[in-house]
Structure formats: structure tokens, C-alpha cells
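Peer 1:
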Amino acid sequence: EAGVAQSPRYKIIEKRQSVAFWCNPISGHATLYWYQQILGQGPKLLIQFQNNGVVDDSQLPKDRFSAERLKGVDSTLKIQPAKLEDSAVYLCASSRETAEAFFGQGTRLTVV
Amino acid sequence: GENVEQHPSTLSVQEGDSAVIKCTYSDSASNYFPWYKQELGKGPQLIIDIRSNVGEKKDQRIAVTLNKTAKHFSLHITETQPEDSAVYFCAATTGRRALTFGSGTRLQVQP
């Protein structure tokens, strides 16, 4: 069974630029999550989708972050404009109904 | 919302010794408690989990215990090996919500 796929693996941008990350979850997983992991910390939820609907986006900085999940499969996370403090690893995860979440390798974003 | 605290932040053991990592949670409604291992440059990998209707679960050299009354759970690794060196995260959820993670424990196994 293929795992969660994310791209790109690495991205370096200047502050105030925009960036987008892509995620393809495990086939059949209805729930998709985007987490932000700052160096030395645990992952922190940004947004949770159930199929193509948003379940929880309470911790998403909506003035600069946006996410969508079209057709209940792939998802993109966008940051516009980026700030220095957005430097982190962005992790995508997916799960069935049982709460077991499986993570992709993440995208390491550096904002300079 | 849920709050998960994890201790210690770093742990160094000799190869063959045991390692124990402890977590506490705040939401009494939480009923699912997974543990993840994260190696450098990789995403977290699920290594073991426990649900609130079980007090202990074991899988070869790793085991997890849960005390619902005290709202804490622990990861035990026996006969540690150098390849166990990584960052370990505990997490908690009610099952409907996303996982809330602890701050992580960096385990170093000295050969």
C-alpha cells in the first residue's frame, strides 16, 4: 500500500513570497490533516478535512494560509505572503475512521 | 482543547538498557493514544497505540501502559538498540478530532 505522498521535499523562499505544498493521501483515507512542525517541537494541527469538507481549521492563520481538498483526495496548502516564522516542516497525514494517522515525509520550508 | 505534556525531553541510555517516556493528557474524553517515532528528515512513523479500554499493550520490545484515572500513559522500550535512536512523540485524541502531540523526547542509545 502506497504511503502519503508530499511534494516538494524542500523549498526556500524569500519573505513575502508565496508557496504551495501538495499532498496525496493513502487511497481510501477520508480524513486528511496538515500539520506544522517547528524545529524541536511536536507537530501542530493547521487544518483537518473529512472528504472535501473542513472539520477543524481553528489554528490555521487564515490571513496568510489557505488549504483545499478538491474531490476529497489530493490537497494543497498555500502560504501567501510568507513570514520568517513560517519556516518549519509541513506534514500531511491521512486516516480512516479509526484515528490511526499516517504521515508523509513532509516539506521543509525555509523563509529567508 | 487537549493538552499533552511529555517527559523527558532528552534521554540517553546504554545499548541493552530500557527506556521509559511519560506523557500526561488533560481531556478526560480522549480515548486513543498513539506513539510515533521520527527519524531525521522523515515524517513521524506510528510504532504502537493504545485505546482507553486497554491498560497495557506490547509489541516485541516496545510496550505502552495507560492509566485513565491519572490521565497518563507511558512508552517502554526494552533491550534498546542503536537503531532506536530517534525522536519519540506521544499523542492523544477523542478519535473524532486530530491528534494533539507532546513536545517530543530525543532518545539516544549509546553503543
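One line per chain: the protein sequences are A and B, in this order. So for the first sequence, my numbering puts the first residue at 19; every next one is plus one. So for the second sequence, my numbering puts the first residue at 5; every next one is plus one. Even for Gly, the Cβ is constructed at its ideal location relative to N, Cα and C. Remember, it's a predicted structure, so these values are computed and weren't measured experimentally.
Check the C-beta distance from A:Lys101 over to A:Asn70 and give it rounded, since I have them as a contact under 8 Å.
Peer 2: Taking the first sequence and counting its residues from 1, one reaches residue 101 of chain A at position 83. Taking the first sequence and counting its residues from 1, one reaches residue 70 of chain A at position 52. Wrong, their Cβ atoms sit about 28 Å apart, outside the cutoff.
Peer 1: Leaving out five residues on either side along the sequence, give the residues of the same chain with a beta carbon under 8 Å from the beta carbon of A:Val91.
Peer 2: Within the first sequence, the letter at position 73 stands for residue 91 of chain A. These residues qualify, in order along the chain: Asn42, Pro43.
Peer 1: Could you tell me if A:Thr128 is buried or exposed, where buried requires 16 or more neighbouring beta carbons within 10 angstroms of its beta carbon?
Peer 2: Position 110 of the first sequence, counted from the start, is the residue given in the question as residue 128 of chain A. Per the 10 Å Cβ criterion, exposed.
Peer 1: Does the beta carbon of B:Leu103 sit closer than 8 Å to a beta carbon anywhere in chain A?
Peer 2: Here residue 103 of chain B is taken as the residue at index 99 of the second sequence, counted from 1. Answer yes: the Cβ-Cβ gap between B:Leu103 and chain A drops below 8 Å somewhere.
Peer 1: Along chain A, in chain order, which residues have C-beta atoms closer than 8 Å to that of B:Asp53?
Peer 2: If you number the second sequence from 1, residue 53 of chain B lands on position 49. Here the neighbours are Glu118.
Peer 1: Answer with yes or no whether the minimum CB distance from B:Lys46 to chain A is below 8 Å.
Peer 2: Working through the second sequence from its first residue, we reach residue 46 of chain B at position 42. Answer yes: the Cβ-Cβ gap between B:Lys46 and chain A drops below 8 Å somewhere.
Peer 1: Which residues bound the beta strand (DSSP E) around B:Asn71?
Peer 2: Within the second sequence, the letter at position 67 stands for residue 71 of chain B. It spans 66-71 - the beta strand (DSSP E) in which B:Asn71 sits, taken as one unbroken run.
Peer 1: Would you mind stating whether B:Asp53 and B:Phe37 have Cβ atoms separated by less than 8 Å?
Peer 2: Reading the second sequence from its first residue, position 49 is the one you call residue 53 of chain B. Reading the second sequence from its first residue, position 33 is the one you call residue 37 of chain B. Cβ distance < 8 Å, so B:Asp53 and B:Phe37 count as in contact.
Peer 1: Work out the CA separation of B:Asp21 and A:Leu109 for me, nearest whole Å.
Peer 2: The residue labelled residue 109 of chain A in the question sits at position 91 within the first sequence. The residue labelled residue 21 of chain B in the question sits at position 17 within the second sequence. Roughly 32 Å between the two C-alpha positions.
Peer 1: Using the three-state DSSP reduction, which class does A:Leu64 fall into: helix, strand or coil?
Peer 2: Taking the first residue of the first sequence as 1, we reach residue 64 of chain A at position 46. Looking at A:Leu64 - three-state DSSP - the assignment turns out to be strand.
Peer 1: Between A:Glu118, A:Ala119, A:Ile31, A:Gln123, which has its C-alpha nearest A:Ser105's C-alpha?
Peer 2: Within the first sequence, residue 105 of chain A is the residue found at index 87, counting from 1. With distances taken between Cα atoms, A:Ser105 lies closest to A:Ile31.
Peer 1: Can you tell me the Cα-Cα spacing of B:Ser78 and B:Lys26, whole angstroms?
Peer 2: On the second sequence, position 74 is the one that residue 78 of chain B refers to. On the second sequence, position 22 is the one that residue 26 of chain B refers to. Their Cα atoms are separated by approximately 4 Å.
Peer 1: Report, in whole angstroms, the separation of the C-beta atoms of B:Leu70 and B:Val58, which I expect to be a contact under 8 Å.
Peer 2: Counting from 1 along the second sequence, the entry for residue 70 of chain B is found at position 66. Counting from 1 along the second sequence, the entry for residue 58 of chain B is found at position 54. About 7 Å; that satisfies the 8 Å criterion.
Peer 1: In chain B, which residues lie with their C-beta within 9 Å of the C-beta of A:Tyr108?
Peer 2: For this step, residue 108 of chain A is matched to residue 90 along the first sequence. Those do not exist, as A:Tyr108 stays about 10 Å from chain B at its closest Cβ, beyond 9 Å.
Peer 1: For the segment 62-79 of chain A, list every residue whose C-beta sits within 7 Å of some C-beta in chain B, in sequence order.
Peer 2: The segment 62-79 of chain A vs chain B, Cβ under 7 Å: Leu63, Gln66, Asp74.
Peer 1: Could you check what DSSP says for A:Lys33 in three-state terms: helix, strand or coil?
Peer 2: As a first step, residue 33 of chain A must be located in the first sequence, where it is residue number 15. A:Lys33 falls in the coil class under three-state DSSP.
Peer 1: Using a Cβ-Cβ distance under 8 Å, would A:Phe121 count as near chain B?
Peer 2: In the first sequence, residue 121 of chain A corresponds to position 103, counting from 1. With 8 Å as the cut-off, A:Phe121 counts as an interface residue toward chain B.
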